[in-house]
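> Let me give you the structure first, and then I'll get to my questions.
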Amino acid sequence: MQATQSMRRCNSSVLVLAMAALTVQAAHAQSAPAPSAAESAIAARVLASTCANCHGMDGRSAGGMPMLAGYPRDAMVSTMQAFRSGQRPATIMHQLAKGYTDDQIALVAEHFSRLKALP
Ligand code: HEC
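Residue numbers (our numbering): 11 to 129.
Following this line, the structure appears as structure tokens:
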């Protein structure tokens, strides 16, 4: 298929990162071999980058928004699940959280928990 071939030839870092994220999803969907630690780390950073617009680069908020860097993993997982289910009311996070699977939430929560609030 032509689209697939041109994607293989394309070596932009954005596509590489996106493919890594998709690889993680596909691995879970098709019970393929688990992604390597490096693939998971890249996928986590791709997911976390979507939070940066509001919560700051690497989850380091300049104030006014909750700090995600250093947020305890289990607390983030349960908070995101509470947003997703509507159990925790929100202005925006209840909508955003619906776009993430349990695995993606766990991955991004693990990522932020390892970051220090101050670089
Ligand atoms: C469009 C802006 C926006 C984006 C993007 C965004 N958030 Fe949020 N986030 C908010 C707002 C606003 C709140 C406060 C709750 C509310 O009103 O939705 C919040 C609250 C939270 C909280 C609760 C913090 C606390 O202790 O009260 C967590 C956890 C969180 N966000 C995680 C994330 C993660 C993880 C991502 C990326 C996957 C993300 N957010 C992306 C705007 C955003």
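Even glycine gets a Cβ: it sits at the ideal position worked out from N, Cα and C.
So what does DSSP say about M77, is it helix, strand or coil?
In the structure shown, M77 sits in coil (DSSP, three-state: anything other than H, G, I, E or B).
> Return yes when the Cβ of L57 is within less than 7 angstroms of the Cβ of Q97, no when it is not.
Not in contact: Q97 and L57 (Cβ atoms no closer than 7 angstroms).
> Pick helix, strand or coil for S71, following the three-state DSSP scheme.
Residue state, collapsed to three classes: coil.
> Is A119 helix, strand or coil by DSSP?
Helix at A119.
> Are the segment 111 to 127 and the segment 79 to 88 in contact at 8 angstroms, needing three or more beta carbon pairs?
Touching, per the Cβ criterion.
> The alpha helix (DSSP H) spanning I52 covers which residue range?
Residues A47 to S59.
> How big is the Cα-Cα spacing for S71 and A127?
Spanning the two alpha carbons is a distance of roughly 9 angstroms.
> CA-CA distance, C64 and M75?
Cα to Cα, C64 sits roughly 7 angstroms from M75.
> How should A31 be labelled, buried or exposed, when 16 other C-beta atoms within 10 angstroms of its C-beta is the threshold for buried?
Low confidence applies to A31: its pLDDT is 49, below 50, so where it sits in the model is not reliable, and the reading given next is rough at best. The residue is buried, with at least 16 neighbouring Cβ atoms inside 10 Å.
> Expressed to the nearest angstrom, what Euclidean distance is found between the alpha-carbon atoms of M109 and A92?
A small fix is needed here, since residue 109 is Gly in this sequence, not Met. In a straight line, the C-alpha of G109 is about 13 angstroms away from that of A92.
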